[in-house]
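Enquirer: Residue numbers for the sequence shown follow this note's numbering, so the first one is 8 and each next one is one higher. C-beta atoms are modelled at their ideal positions from N, C-alpha and C, and glycine is treated no differently. One structure is given below, represented as structure tokens, and several questions about it will come after.
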Amino acid sequence: MRTPLVAANWKMHKTRAEAAAFVEAALPRLAVVEGVEVVLCPPYTALESVGRLLQGTAVRLGAQNLHWERQGAFTGEVSPTMLAEVGCAYVIVGHSERRRLFGETDDRVRRKVRAAFDAGLVPILCVGETLEERQAGLTDSRVTDQLAEATADLSAEDVARLVVAYEPVWAIGTGHAATGEEANRVSGLIRAWLRGRFGSAADTTRVQYGGSVTTRNAAEFLQQPEVDGALVGGASLDAEEFVGIVQLAARPGGTGGAPG
Ligand code: PGA
Numbered sequence: 008m009r010t011p012l013v014a015a016n017w018k019m020h021k022t023r024a025e026a027a028a029f030v031e032a033a034l035p036r037l038a039v040v041e042g043v044e045v046v047l048c049p050p051y052t053a054l055e056s057v058g059r060l061l062q063g064t065a066v067r068l069g070a071q072n073l074h075w076e077r078q079g080a081f082t083g084e085v086s087p088t089m090l091a092e093v094g095c096a097y098v099i100v101g102h103s104e105r106r107r108l109f110g111e112t113d114d115r116v117r118r119k120v121r122a123a124f125d126a127g128l129v130p131i132l133c134v135g136e137t138l139e140e141r142q143a144g145l146t147d148s149r150v151t152d153q154l155a156e157a158t159a160d161l162s163a164e165d166v167a168r169l170v171v172a173y174e175p176v177w178a179i180g181t182g183h184a185a186t187g188e189e190a191n192r193v194s195g196l197i198r199a200w201l202r203g204r205f206g207s208a209a210d211t212t213r214v215q216y217g218g219s220v221t222t223r224n225a226a227e228f229l230q231q232p233e234v235d236g237a238l239v240g241g242a243s244l245d246a247e248e249f250v251g252i253v254q255l256a257a258r259p260g261g262t263g264g265a266p267g
């Protein structure tokens, strides 16, 4: 059984002070939930301070992006080594906002996923179709194409630890979540593709759903057999709401998965 993973993607929200207030409010309650792994992904500026507050707890730290090189003349970028140094265990790669607004290509996503593993970080690889692609019947091919590109440099061992977030672009930040049934279908497709390429390693890959997840709809996704947790944006900004989603994801007795 895979341990579900619920990650908070704060995007460009929260100063260090606001991040600290969130952790103070949420941590005592997150610390007592069993059978779910929790990751907070603050903006770069709050990584170190949040990491310090999480020290000695089971809640893990994640970043929202990285560069693929270890160092160099890349003004404004942050390397995998730097993220590992401040205590990150996870890093979101290929989020649709980065693909759409910042020109992130499948090729860059591939390099970032490899670089994350090389630095000891576990990538949370985001894949998902746009509304136009869905309407044109291209959901499955778009998702598997993204997956094929992003995992081209990975070994089965990497894939066993990888986290994939299925995030239909039309569901992100819109309040229009997918149905549990469709999230389960596409998550199953993702795992089947990974199994075809990497064998039984895919049995421990965690596949999350992301896109307008709240406490009101989380159970619908989290009870699906192929869905191993959630990547939560807007609803993760509120401590009460995020803790509620984590509680709904808990599968006591769950083992497996592969924390970084
Ligand atoms: P949302 O964002 O929960 O606000 O839809 C999800 C995401 O972007 O990861």
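1. Smallest Cα separation from F249: which of M8, P87, A14 and T10?
2. Just list the residues that DSSP pairs E44 with in beta bridges.
3. Is any heavy atom in the ligand PGA found nearer than 8 Å to the beta carbon of V220?
4. Express the C-alpha separation of Q254 and N224 in angstroms, rounding to a whole number.
5. Does any heavy atom of the ligand PGA sit closer than 8 Å to the C-beta of T181?
6. Could you check whether the stretch 211 to 219 touches the stretch 164 to 183, counting it as contact only if at least three pairs of C-beta atoms, one from each stretch, sit closer than 8 Å?
7. Nearest by alpha-carbon distance to S243: which of T52, G63, T22 and F29 is it?
8. Which runs of the beta strand (DSSP E), 3 residues or longer, sit entirely within the stretch 57 to 132?
9. Taking the alpha helix (DSSP H) that A143 belongs to, which residues open and close that run?
10. With a threshold of 8 Å, establish whether the CB of K18 neighbours any heavy atom of the ligand PGA.
11. Going along the chain, which residues of its own chain have a beta-carbon closer than 7 Å to the beta-carbon of T262, five neighbours each way excluded?
12. Sorted by chain position, which residues of the same chain lie with C-beta nearer than 8 Å to Y97's C-beta, five sequence neighbours on each side aside?
13. Give me the Cα-Cα distance between L201 and A178, rounded to the nearest whole angstrom.
14. Hey, is A239 close to the ligand PGA, as in C-beta under 8 Å from one of its heavy atoms?
15. Beta carbon of E104: closer than 8 Å to some heavy atom of the ligand PGA?
16. Just how far apart, CA to CA, sit G195 and A163?
17. Any beta carbon of chain B sitting closer than 9 Å to that of G218?
18. Under a Cβ-count criterion, where at least 16 other Cβ atoms within 10 Å of its own Cβ denotes burial, should R77 be classed as buried or exposed?
19. Distance check for T112 and R106, CA to CA, integer angstroms please.
20. Since N16 and V239 should fall inside the 8 Å C-beta cutoff, what is the C-beta to C-beta distance between them, to a whole number of angstroms?
Expert: Inspection of the coordinates gives the following:
1. Per the Cα distances, A14.
2. In DSSP, E44 forms a bridge with L12.
3. Closer than 8 Å to some heavy atom of the ligand PGA: that describes the Cβ of V220.
4. Between the alpha carbons of N224 and Q254 lies a gap of roughly 13 Å.
5. T181: yes, Cβ under 8 Å from the ligand PGA.
6. Enough Cβ pairs lie closer than 8 Å, so yes.
7. The closest CA to that of S243, considering only T52, G63, T22 and F29, is found on F29.
8. The stretch 57 to 132 contains these whole beta strand (DSSP E) runs: 67 to 70 and 95 to 100.
9. First-last for A143: undefined, no H or E at that position.
10. Under cutoff, so the answer is yes.
11. Note that T262 scores a pLDDT of 46, beneath 50, so its modelled location is shaky; the value from the coordinates is reported in the next line. Cβ neighbours of T262 beyond the five flanking positions: M8 and T10.
12. Within the same chain, Y97 has close Cβ partners A14, V46, C48, R67, L68, G69, A70, L128, V129, P130, I131, V170 and G267.
13. Rounded to the nearest whole angstrom, the CA to CA distance from L201 to A178 is 24 Å.
14. Residue identity check: residue 239 is Val in the sequence provided, not Ala. Flag set: Cβ of V239 near the ligand PGA.
15. Within the cutoff, so yes.
16. Between the alpha carbons of G195 and A163 lies a gap of roughly 18 Å.
17. Checking the listed chains, one finds no chain B in this structure; it contains a single protein chain.
18. Within a 10 Å sphere around the beta-carbon of R77 sit fewer than 16 other beta-carbons, which makes this residue exposed.
19. Between the alpha carbons of R106 and T112 lies a distance of about 6 Å.
20. Contact between N16 and V239 holds: their C-beta atoms lie close to 7 Å from each other, under 8 Å.
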